[in-house]
Amino acid sequence: MILAALSLLVQQVPMLETASGVPTANGQWRIVEQGSVVSARFGNLVDLSCYRSNKVLRLAVSDPAQPLAPLPTRLLVSTTYGDRWVEHPAPLHVRDPLGDWMAYSRGRILLMPEGAAPVIVPNHAEVARVIEACRS
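Just so it is clear: in the sequence shown, position 114 is 114 by the numbering used here, and no numbers are missing.
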């Protein structure tokens, strides 16, 4: 019984917290605006885009070890608020709580395409800026 209770507690620890010693990926966030689309991009690894015309966010991650490989169909997003598997590339409604999880995660965000190595990126204002641009 104690073992079952401990396993429930362990499962609730975000994967990001278990990777505390892993360094963040090299690169910088930048904002890119093209017409009605505004994106926060971290190098060539992460693209969080807002399609203002239909208020949809799209999150895509490439595998740095295999940049030309087909994209996996699922993505784990881990923040200090929790973990969540989403479709990949991830279409997110502008009010999806996962956007806030990413915008307000303390320091880092772990993104792991199914079957690929995790990518840990620093959390910067560009993430929140894209989400807010989509909401306005």
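Idealized CB from N, CA, C, for every residue including glycine.
In this text the structure is predicted, and so the values were computed from the model without any measurement.
Exercise for the section: Please report how far the alpha carbon of Leu48 lies from the alpha carbon of Leu92, in whole angstroms. Expected result: Rounded to whole angstroms, Leu48 to Leu92 spans 10 Å at the Cα level.
Practice task
Count the CB pairs spanning the segment 109–123 and the segment 57–68 that are closer than 8 Å, and state whether there are at least three.
Solution key: By the Cβ criterion, the segment 109–123 is in contact with the segment 57–68, since at least three pairs of Cβ atoms, one from each stretch, lie closer than 8 Å.
Problem - Short Cβ contact (8 Å threshold) for Glu114 with Ala40 - result: The Cβ atoms of Glu114 and Ala40 do not sit closer than 8 Å to each other.
Exercise for the section: Keeping to the same chain, check which residues put their C-beta closer than 6 Å to that of Arg106; ignore five residues upstream and five downstream. Expected result: Closer than 6 Å at the Cβ level, and outside the excluded window around Arg106, lie Thr80.
Practice task
Leaving aside the five residues before and after Lys55 along the sequence, list all residues of the same chain whose C-beta is less than 7 Å from its C-beta, in chain order.
Solution key: Residues Val94 and Cys134 of the same chain have their beta carbon placed closer than 7 Å to that of Lys55, with the five preceding and five following residues left out of the count.
Handout entry: DSSP bridge partner residues for Pro91 (one or two, in chain order)
Key = DSSP output for Pro91 lists Arg58 as bridge partner(s).
Problem - Expected contact under 8 Å - CB spacing of Leu45 and Gly27 to nearest Å - result: Between Leu45 and Gly27 the beta-carbon gap is near 6 Å, inside 8 Å, which marks them as a contact.
Exercise for the section: Check each candidate in Trp29, Leu57 and Ala128 and name the one with the smallest Cα separation from Ser36. Expected result: Looking at the Cα atoms, Leu57 is the closest of the given residues.
Exercise for the section: My understanding is that Leu111 touches Leu75, with C-beta atoms under 8 Å, so please give their C-beta distance in whole angstroms. Expected result: Under the criterion of beta carbons closer than 8 Å, Leu111 and Leu75 qualify as touching, at roughly 6 Å.
Exercise for the section: Compute the distance between the beta-carbons of Asp83 and Pro14, then report whether it is under 8 Å. Expected result: Contact: yes.
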